[in-house]
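Chains A and B supply the protein sequences, listed in that same order.
Under the working numbering, the first residue of the first sequence carries the number 1, and numbering increases by one thereafter.
Under the working numbering, the first residue of the second sequence carries the number 1001, and numbering increases by one thereafter.
We put the CB at the ideal spot given by N, CA and C, even for glycine.
Read through the structure below, which is laid out as structure tokens, and then see the notes.
Number of protein chains: 2
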Amino acid sequence: MNSIKKDNTEQKIMDAAHAVFLEKGMDGARMQEIANEAGINKALLHYYFRTKQKLFEAIFKRVIKHSFPIVSKTLLSDIPIREKMDLFIDSYLNLLSKNPFLPAFLLKEIHRDPEFLANVIKGSGINPDKILTMLGKEMDKGNIRRMNPRDLITNIIALSVFPFAAKPLLSIMLFNGDQKAYKIFLQERRETVKEFIFNAIFLK
Amino acid sequence: MNSIKKDNTEQKIMDAAHAVFLEKGMDGARMQEIANEAGINKALLHYYFRTKQKLFEAIFKRVIKHSFPIVSKTLLSDIPIREKMDLFIDSYLNLLSKNPFLPAFLLKEIHRDPEFLANVIKGSGINPDKILTMLGKEMDKGNIRRMNPRDLITNIIALSVFPFAAKPLLSIMLFNGDQKAYKIFLQERRETVKEFIFNAIFLK
DNA sequence: GTCTATATGGCGATAGAC
DNA sequence: GTCTATCGCCATATAGAC
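Written as structure tokens, this is what we have:
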């Protein structure tokens, strides 16, 4: 009975904290707001997680473990590179569409506490080296234009992430603040980003 | 005599605030740290700028006016599109190399106060519409591959800015935290980014 | 486990002497 | 103009009743 109650409350706190932290970041988030969102009071937050820092770390790990593997899995599967790229960009942009706050959140925390970030990533089963060698092999086979594989990864992530991270600025600069138009723009980029990348890396 | 002293102090404050705000952002910056950096005390900051908000706005305007025009000027000059792109990317990456905190700073403030950002940008003489029509004309002439000009602008900015904004993450993921290697990587991107973009937009 | 009330500390801002 | 001392607020964290 107690344990059921505990699980429920802990879950409510996690979900509330997840929502608030993702939107506001560690510094911008308020324990009061998380408590409100969870339908409890501040003291209970500390009862379950002791400090704001520990609560944040729990959420951060959850976010990383939930986000990164989804997109990196495709990259090591055994299908032709063009389809692989297609699938990867699809699943990546899909993830971002469902979690539009993710890019800004990660960028903030990247600068707030890089060491912690490094530890969480290392513990989440991501293996950049494998991806880099995979890309190198495709270049050796002449399937994609020769370039620094690190550039290629960086470019794909940049083209996918940046429009979400810079949304408020770009919607003003490119669409005079029209949010609806920007949403359509992001939607269409699911295809146009692929075209751009494919033109850049595949030999005609 | 008073006026000389005033100018000196005000300038020292501006420079100190510039350094601190750019690294920490509005929320992360502390008036105490700015005072230390300027070699004065907190009270004097308020004497000159009344509030932290007003001090920040002064710095923010200075940053925008100093950064944006430099890169946008090239885009409306009357030279062939390939050279124009070349020059633009050069000057852009040059600006970022000299101000590596700029991308993270702008991204933070983009989300903190979009309305203020919009006003400052509008007042800084940037004209996105002119750039968009310029790109459209080049496409009409068949000089560059046809695409949404907004995508093209977004992509160029993304490819330039993102590696600076995500530096702590990328240096871990791609170089196991080796800062020196990452610096070389950024340096080499001055050329590789251009190649990537040119392959994507120019017809062979 | 959950609540109310309160302690503790940090930071922006002000008062007032010089 | 510049300083020291202090106010007032807000946010995290804890004490203690239920």
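CB contact check: PRO1128(B) to chain A, cutoff 8 angstroms:
yes
Please compile the residues from chain B whose C-beta is within a distance smaller than 7 angstroms of the C-beta of PRO114(A).
PRO1168
Would LYS1141(B) and LEU1076(B) be called neighbours here (beta carbons separated by less than 8 angstroms)?
no
Okay, do the region 113-124 of chain A and the region 1157-1177 of chain B touch, 3+ Cβ pairs below 8 angstroms being the bar?
yes
Backbone secondary structure at LEU76(A) - three-state DSSP:
coil
State yes or no: is the C-beta of ILE156(A) within less than 8 angstroms of the C-beta of ILE126(A)?
no
So that I know if they touch, is there some Cβ in chain B lying closer than 8 angstroms to that of ARG190(A)?
no
Given a cut-off of 8 angstroms on the beta-carbon distance, is the pair PHE1101(B) and ILE1059(B) in contact?
no
Output needed for ASN2(A): all residues of its chain with C-beta closer than 7 angstroms, excluding positions within five of it in sequence on either side, in chain order.
The pLDDT assigned to ASN2(A) is 49, lower than 50, so where the model puts this residue is not dependable, and the model offers no usable value.
Give the residues of chain A in contact with ALA1165(B), contact being defined as C-beta atoms less than 7 angstroms apart.
LEU107
If you draw a straight line from the C-alpha of ILE144(A) to the C-alpha of PRO128(A), how long is it?
19 angstroms
Please classify LEU203(A): is it buried, with 16 or more other beta-carbons within 10 angstroms of its beta-carbon, or exposed?
exposed
Should ARG943(B) be flagged as near chain A, meaning a C-beta pair shorter than 8 angstroms?
With chain B represented from 1001 up to 1204, any question about residue 943(B) goes unanswered, as that position is not in the structure.
Identify, in the order they occur along the chain, each residue of the same chain with its Cβ nearer than 7 angstroms to the Cβ of ILE1064(B), setting aside the five sequence neighbours on each side.
VAL1120, ILE1121, SER1124
Under 8 angstroms from the C-beta of ASN1199(B): neighbouring residues of chain A:
ARG145, ASN199, ALA200, ILE201
Could you spell out where the alpha helix (DSSP H) holding LYS204(A) opens and where it closes?
Taken as a continuous stretch (DSSP letters only), LYS204(A) belongs to no alpha helix (DSSP H), as it is neither H nor E.
Short of 8 angstroms Cβ to Cβ, which residues in the region 176-189 of chain A face chain B?
GLY177, PHE185, GLU188, ARG189
Within-8 angstroms CB hit, LYS1061(B) to chain A:
no
Just to confirm the assignment, what range does the alpha helix (DSSP H) spanning PRO149(A) have?
149-165
Distance between LYS1061(B) and ARG1112(B) (C-alpha atoms, nearest Å)
15 angstroms
Go ahead and pull the three-state DSSP assignment for GLY1025(B).
helix
Look at the alpha carbon of ALA29(A) and the alpha carbon of ALA38(A), and state the distance between them as a whole number of angstroms.
14 angstroms
To the nearest whole angstrom, what separates the beta carbons of ASP91(A) and THR74(A), a pair I think is in contact under 8 angstroms?
Sequence inspection shows Ser at residue 91(A); the Asp mentioned does not correspond to that position. Indeed they touch by this definition, with Cβ atoms about 6 angstroms apart.
Neighbourhood of PHE1164(B) by C-beta, 6 angstroms cutoff - its chain only, sequence neighbours within 5 removed:
LEU1096, PRO1100, PRO1103
Leaving out the 5 sequence neighbours to the left and right, which residues in its chain are closer than 8 angstroms to ALA35(A) when beta-carbon positions are compared?
ALA16, ASN41, LYS42, LEU44, LEU45
Assign GLU191(A) to one of three DSSP states: helix, strand, or coil.
helix
Between PRO1114(B), THR1009(B), ASP1151(B), which lies nearest to PHE1049(B) when the distance is taken from Cα to Cα?
THR1009(B)
Can you tell me whether ASP113(A) is helix, strand or coil according to DSSP?
coil
Which whole-angstrom value is the C-beta distance of ILE1110(B) and ALA200(A), which I expect to be below 8 angstroms?
In fact, because the Cβ distance is near 27 angstroms, the residues do not count as touching under 8 angstroms.
Excluding the 5 residues flanking LEU93(A) on each side, which residues of the same chain have their C-beta closer than 8 angstroms to its C-beta?
SER160, ARG189, ARG190, VAL193
I think ILE158(A) touches PHE1162(B), with their Cβ atoms under 8 angstroms apart; what is that distance to the nearest whole Å?
Note on residue identity: the sequence assigns Ala, not Ile, to residue 158(A). Contact flag correct, Cβ pair sits at about 3 angstroms.
Run of the alpha helix (DSSP H) containing THR1133(B), from where it starts to where it stops:
1128-1140
Within its chain, find whatever has a CB closer than 8 angstroms to the CB of SER67(A); leave out the 5 residues flanking it on each side and keep chain order.
LEU95, ASN99, LEU102
If the cut is a Cβ gap below 9 angstroms, which residues of chain A does ALA1019(B) touch?
None at all; the shortest Cβ gap to chain A is about 16 angstroms.
Which chain A residues sit within Cβ distance under 9 angstroms of THR1154(B)?
LEU159, PHE162, PRO163, ALA166, LEU170, LEU174, PHE185, ARG189
Run through chain B and tell me which residues come within less than 7 angstroms of PHE56(A), C-beta to C-beta.
Per Cβ cutoff of 7 angstroms: no residues; PHE56(A) is ~16 angstroms from chain B at best.
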